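Undergrad: Structure incoming, see below.
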Amino acid sequence: MIWNDEFETLPREAIESLQFKRLRQTLERVYATVPFYREHFRRAGVSPEQLKTLEDLRRFPFTLKQDMRDNYPYGLFAVPLEQIVRIHASSGTTGKPTVVGYTRRDIDTWSELMARSFVAAGAHKGDVIHNAYGYGLFTGGLGAHYGAERLGASVIPMSGGNTKKQIMIMQDFGSTVLTCTPSYSLFLAESVAEMGLDIRDFKLRIGIFGAEPWSEKMRDEIEAKLNLKAIDIYGLSEILGPGVAIECYEAQNGLHMWEDHFLPEIINPDTGEVLPDGERGELVITTITKEGIPLIRYRTRDITRLIAEPCICGRTHKRIERLSGRSDDMLIIRGVNVFPSQIESILINIEGVEPHYQLIVDREDNLDSLEVQVEVNERTFSDEIKVLQELSNRIRKEIKDLLGVTCKVRLVEPKTLARSEGKARRVIDNRPQL
Amino acid sequence: MKVEQISIFIENKSGRLAEVTRVLGEAGVNIRALSLADTSDFGILRLIVDKTDAANEVLKSKGFTVNKTEVVAVEVPDRPLGLNSILQVLDDSRINVEYMYAFVERCGENAVIIFRFDDTEGAIRVLTEQGVKVLAGQRVYSM
Numbered sequence: 001m002i003w004n005d006e007f008e009t010l011p012r013e014a015i016e017s018l019q020f021k022r023l024r025q026t027l028e029r030v031y032a033t034v035p036f037y038r039e040h041f042r043r044a045g046v047s048p049e050q051l052k053t054l055e056d057l058r059r060f061p062f063t064l065k066q067d068m069r070d071n072y073p074y075g076l077f078a079v080p081l082e083q084i085v086r087i088h089a090s091s092g093t094t095g096k097p098t099v100v101g102y103t104r105r106d107i108d109t110w111s112e113l114m115a116r117s118f119v120a121a122g123a124h125k126g127d128v129i130h131n132a133y134g135y136g137l138f139t140g141g142l143g144a145h146y147g148a149e150r151l152g153a154s155v156i157p158m159s160g161g162n163t164k165k166q167i168m169i170m171q172d173f174g175s176t177v178l179t180c181t182p183s184y185s186l187f188l189a190e191s192v193a194e195m196g197l198d199i200r201d202f203k204l205r206i207g208i209f210g211a212e213p214w215s216e217k218m219r220d221e222i223e224a225k226l227n228l229k230a231i232d233i234y235g236l237s238e239i240l241g242p243g244v245a246i247e248c249y250e251a252q253n254g255l256h257m258w259e260d261h262f263l264p265e266i267i268n269p270d271t272g273e274v275l276p277d278g279e280r281g282e283l284v285i286t287t288i289t290k291e292g293i294p295l296i297r298y299r300t301r302d303i304t305r306l307i308a309e310p311c312i313c314g315r316t317h318k319r320i321e322r323l324s325g326r327s328d329d330m331l332i333i334r335g336v337n338v339f340p341s342q343i344e345s346i347l348i349n350i351e352g353v354e355p356h357y358q359l360i361v362d363r364e365d366n367l368d369s370l371e372v373q374v375e376v377n378e379r380t381f382s383d384e385i386k387v388l389q390e391l392s393n394r395i396r397k398e399i400k401d402l403l404g405v406t407c408k409v410r411l412v413e414p415k416t417l418a419r420s421e422g423k424a425r426r427v428i429d430n431r432p433q434l
Numbered sequence: 435m436k437v438e439q440i441s442i443f444i445e446n447k448s449g450r451l452a453e454v455t456r457v458l459g460e461a462g463v464n465i466r467a468l469s470l471a472d473t474s475d476f477g478i479l480r481l482i483v484d485k486t487d488a489a490n491e492v493l494k495s496k497g498f499t500v501n502k503t504e505v506v507a508v509e510v511p512d513r514p515l516g517l518n519s520i521l522q523v524l525d526d527s528r529i530n531v532e533y534m535y536a537f538v539e540r541c542g543e544n545a546v547i548i549f550r551f552d553d554t555e556g557a558i559r560v561l562t563e564q565g566v567k568v569l570a571g572q573r574v575y576s577m
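Line by line, the protein sequences are chains A and B. Under the working numbering, the first sequence has 316 at position 316, and the numbering climbs by one with no breaks. When you read off a place in the second sequence, starting at 1, and then add 434, the result is the number in the working numbering.
So, in structure tokens, the structure goes:
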């Protein structure tokens with residue numbers, strides 16, 4: 001099943017000529033309307049009319065997450081605020097989120113691409129879509145919601161949390177499609193078992209899981225425990241939200257990126273050089289239809305490779321391989337993006353606390369866990385336990401308030417955390433490798 | 435009338451307590467009284483020793499986090515309700531005990547208890563007024 005036969009199966013040449021036309025328009029538009037891009041291009045010595053072929057895109061400079069922070073909140077918007085109908089944001093390293101705005105047409109495009117994604121995943125009109133992605137500033141909830149409505153399915157706007165109720169509704173309402181993070185799906189599976197229920201009494205058929213990396217092994221486990229077919233979806237708020245790329249039900253092998261709206265490139269993260277299809281490197285995406293906040297050569301920091309070979313499903317859009325890591329130090333903990341530097345800036349602002357810390361990430365009962373180890377020094381040390389416990393509670397609360405991540409704080413003796421020469425090893429990630 | 439106590443931060447892992455006592459022993463420091471308060475992650479070892487400054491220095495030089503606090507050593511009649519009579523005096527004066535622990539040696543007919551109060555000066559005044567015997571630091575270090 002294909003949602004949009006015309007565009008999803010366009011011949012290669014037609015995709016590329018459409019991409020060229022849209023790319024040229026996008027470059028001209030940002031050059032004319034976003035002062036940042038005019039200056040950015042000027043410094044790199046390029047201008048939109050120099051784009052003669054798609055290949056010429058590599059002459060244009062990258063856009064970084066830092067550029068979005070520097071232009072917080074609306075500096076990269078290409079239309080006036082009165083044309084923006086929705087604002088979303090992701091967490092940012094300094095406590096300032098990365099802000100994105102959507103025009104009415106952007107929401108329409110997003111809904112269309114999410115509808116395509118649902119169909120690629122094997123969903124159809126008549127499905128009951130149980131949407132357990134969080135609603136709010138995070139793009140997951142509303143992105144999936146609008147796509148499900150566009151598809152014509154019945155969507156249950158559950159949002160995250162409240163697991164027992166989720167399970168009751170899933171059972172009583174006869175949910176057939178589950179959308180959430182892969183780790184939460186396993187948590188749901190275990191809760192179903194703990195409640196003494198049998199998953200075979202549920203009607204779940206398909207799960208669409210994203211917002212955090214997961215492995216083939218985890219897929220097998222989810223498929224067995226939830227008795228459904230588990231599909232990997234990719235997206236990021238900077239580019240659109242969920243629905244930038246998705247696996248097809250037929251192959252479950254690589255995620256089709258909707259190339260009539262996004263131009264993917266793979267680069268060497270150290271040199272910035274563009275790599276040929278099939279080679280692994282950092283994914284860079286240029287949006288070619290977005291109005292609110294078009295991004296030129298946005299460095300996603302996600303490591304993958306492009307698969308150009310035709311897919312058995314009939315879609316002609318290139319696939320990206322399942323993500324295998326990050327080119328920066330960002331951690332994804334229960335779907336939340338966390339940079340070690342964010343934790344560091346929280347610690348520095350607490351009087352007397354040393355910025356010597358270590359993050360231990362693990363997976364317990366299929367949920368990510370974070371332990372923040374902080375060194376105690378003479379200024380923070382007290383002979384009273386309650387003083388030290390207040391300190392660790394405060395650190396835990398500030399991390400929760402700012403990053404939305406629940407962690408365990410462990411106070412350790414000074415000089416016990418490794419001081420390596422050069423870059424300190426701040427993160428020990430004990431989660432199973434993908 | 436105050437007694438100096440040193441406190442040491444100890445991670446909850448094997449060998450750390452032994453390390454502290456080894457360092458002190460090798461420096462010729464003798465422990466007079468001690469208490470270990472612990473949580474699942476860490477402990478606080480509180481010590482009264484015969485040479486406080488020497489103990490403080492040698493532990494710091496070995497990388498331990500140490501701090502000095504003032505506590506009060508009180509002679510408590512070694513009989514039923516002996517401790518209670520003192521706690522009652524403190525309660526009547528609304529002085530809060532942060533923590534307390536017993537001294538390892540007795541002093542004549544009495545036991546010795548170490549108290550950490552939220553108001554050290556006030557506690558000493560009240561106890562003395564009520565005729566409770568508060569021991570001087572020098573006396574305690576050399577018991």
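For glycine and all other residues, C-beta sits at the position ideal for the given N, C-alpha and C. Owing to the predicted nature of the structure, the values given are computational and were not obtained by experimental measurement.
Quick one: give me the first and last residue of the beta strand (DSSP E) that PHE551 of chain B is part of.
TA: Note, PHE551 of chain B: beta strand (DSSP E), 544 to 551.
Undergrad: Near ARG280 of chain A, which residues of its chain fall below 6 angstroms by C-beta distance, leaving aside the five closest residues on each side in sequence?
TA: Counting only Cβ-Cβ distances below 6 angstroms, and skipping sequence neighbours, we find ARG305.
Undergrad: Closer than 7 angstroms, Cβ to any Cβ of chain A: which residues of the region 475 to 496 of chain B, in chain order?
TA: If the cut-off is 7 angstroms between Cβ atoms, the region 475 to 496 of chain B has ASP475, PHE476, ILE478, ARG480 near chain A.
Undergrad: Indicate whether ALA545 of chain B and ASP512 of chain B have their beta-carbon atoms separated by less than 8 angstroms.
TA: In this structure, ASP512 of chain B lies closer than 8 angstroms to ALA545 of chain B by Cβ.
Undergrad: I'd like to know if PHE443 of chain B contacts chain A, where contact means its C-beta is closer than 8 angstroms to some C-beta of that chain.
TA: Answer yes: the Cβ-Cβ gap between PHE443 of chain B and chain A drops below 8 angstroms somewhere.
Undergrad: When you compare only the Cα positions, how much space is there between LEU468 of chain B and LYS164 of chain A?
TA: About 49 angstroms.
Undergrad: Considering only their Cβ atoms, is the gap separating LEU417 of chain A from HIS356 of chain A smaller than 8 angstroms?
TA: Yes, they are a contact pair.
Undergrad: I want to verify the contact list: residues of chain A whose CB lies under 9 angstroms from the CB of ASN501 of chain B, in sequence order.
TA: GLU378, PHE381, SER382, ASP383, listed in chain order.
Undergrad: Once you ignore the five residues that flank ASN464 of chain B on each side, which residues in its own chain have a CB closer than 7 angstroms to its CB?
TA: Once the five neighbours on either side are set aside, the close Cβ partners of ASN464 of chain B are VAL483, ASP484.
Undergrad: Does the Cβ of LYS318 of chain A have 16 or more other Cβ atoms within 10 Å, making it buried, or fewer, making it exposed?
TA: Buried, by the Cβ-count rule.
Undergrad: Report the residue from B:VAL457, B:ARG466, B:ALA452, B:PHE498 whose alpha carbon sits nearest the alpha carbon of PHE381 of chain A.
TA: Closest option to PHE381 of chain A, Cα to Cα, is B:PHE498.
Undergrad: In chain A, which residues lie less than 8 angstroms from ALA557 of chain B when you measure between Cβ atoms?
TA: Going along chain A, no residue has its Cβ under 8 angstroms from ALA557 of chain B, so there is no contact; the nearest lies around 16 angstroms.
Undergrad: So, is the C-beta of LYS318 of chain A closer than 8 angstroms to a C-beta in chain B?
TA: Chain B contact via Cβ: absent.
Undergrad: For VAL338 of chain A, tell me which candidate among A:GLY404, A:TYR249, A:ILE385, A:SER111 has the shortest Cα-Cα distance.
TA: Here the closest residue by C-alpha is A:GLY404.
Undergrad: Consider the Cβ of ALA467 of chain B: report whether some Cβ of chain A lies at a distance smaller than 8 angstroms.
TA: Output row for ALA467 of chain B: interface = no.
Undergrad: Is ALA211 of chain A closer than 8 angstroms to THR179 of chain A when the C-beta atoms are compared?
TA: It is not a contact, given that the beta carbons lie outside the stated cut-off.
Undergrad: Rank A:THR176, A:LEU226, A:GLU216, A:ASP172 by C-alpha distance to the C-alpha of VAL192 of chain A and give the top, closest one.
TA: The candidate whose alpha carbon is nearest that of VAL192 of chain A is A:LEU226.
Undergrad: Rounded to whole angstroms, what's the CA-CA distance from ASN530 of chain B to SER448 of chain B? Just pull it up for me.
TA: Using only the alpha carbons, I get a separation of about 34 angstroms.
Undergrad: List, in order along the chain, the chain B residues whose C-beta lies closer than 7 angstroms to that of VAL412 of chain A?
TA: Ordered by position in chain B, the residues that pass the 7 angstroms Cβ test against VAL412 of chain A are GLU445.
Undergrad: Using only CA atoms, which one of A:CYS313, A:THR139, A:HIS261 lies nearest to PRO294 of chain A?
TA: Checked all of A:CYS313, A:THR139, A:HIS261; the closest Cα to PRO294 of chain A is A:HIS261.
Undergrad: Measuring only between beta-carbons, confirm whether LYS415 of chain A sits less than 8 angstroms from chain B.
TA: Closer than 8 angstroms: yes.
Undergrad: Report yes or no: is there a C-beta of chain B within less than 8 angstroms of the C-beta of LYS423 of chain A?
TA: With a pLDDT of 46 at LYS423 of chain A, under the threshold of 50, the predicted position of this residue should be treated as unreliable, and no value is reported.
Undergrad: By the DSSP assignment, the alpha helix (DSSP H) with GLU6 of chain A in it spans what residues?
TA: Looking at the DSSP string, the run of the alpha helix (DSSP H) that includes GLU6 of chain A is 5 to 8.
Undergrad: Does the Cβ of ARG480 of chain B have 16 or more other Cβ atoms within 10 Å, making it buried, or fewer, making it exposed?
TA: Label assigned to ARG480 of chain B: buried.
Undergrad: How is ILE558 of chain B classed by DSSP in three states: helix, strand or coil?
TA: Three-state result, ILE558 of chain B: helix.
Undergrad: Report the option in A:LEU236, A:HIS88, A:GLN166, A:GLY235 whose CA atom is closest to the CA atom of LEU204 of chain A.
TA: Per the Cα distances, A:GLN166.
Undergrad: If we call anything under 8 angstroms between Cβ atoms a contact, is ILE332 of chain A one with PRO213 of chain A?
TA: Going by C-beta atoms, ILE332 of chain A is nearer than 8 angstroms to PRO213 of chain A.
Undergrad: Does the beta carbon of GLU563 of chain B sit closer than 8 angstroms to a beta carbon anywhere in chain A?
TA: Closer than 8 angstroms: no.
Undergrad: Find the residues of chain A that neighbour ARG550 of chain B, judging by a C-beta separation of less than 9 angstroms, and give them in chain order.
TA: Simply ASP383, GLU384.
Undergrad: Is it true that the CB of GLU504 of chain B sits closer than 8 angstroms to the CB of GLU438 of chain B?
TA: Closer than 8 angstroms, so yes.
Undergrad: Taking only runs that begin and end inside the region 484 to 515 of chain B, name each unbroken beta strand (DSSP E) of 3 or more residues, in chain order.
TA: Whole beta strand (DSSP E) segments, 3+ residues: 500 to 511.
Undergrad: Is any heavy atom of the ligand MG found at a distance shorter than 7 angstroms from the C-beta of VAL284 of chain A?
TA: Among the ligands in the structure shown, none appear at all, so the ligand MG cannot be discussed.
Undergrad: Give, in chain order, every unbroken run of the beta strand (DSSP E) that is at least 3 residues long and sits entirely within the region 109 to 170 of chain A.
TA: Correct list: 128 to 131, 154 to 157.
Undergrad: Near VAL274 of chain A, which residues of its chain fall below 6 angstroms by C-beta distance, leaving aside the five closest residues on each side in sequence?
TA: Result list for VAL274 of chain A: ARG58, GLU265, ILE267, in chain order.
Undergrad: Straight-line CA distance for GLY161 of chain A to ARG456 of chain B?
TA: Computed Cα separation, rounded: 51 angstroms.
Undergrad: Could you tell me which residues DSSP puts in a beta bridge with ASP362 of chain A?
TA: Partner(s): A:SER369.
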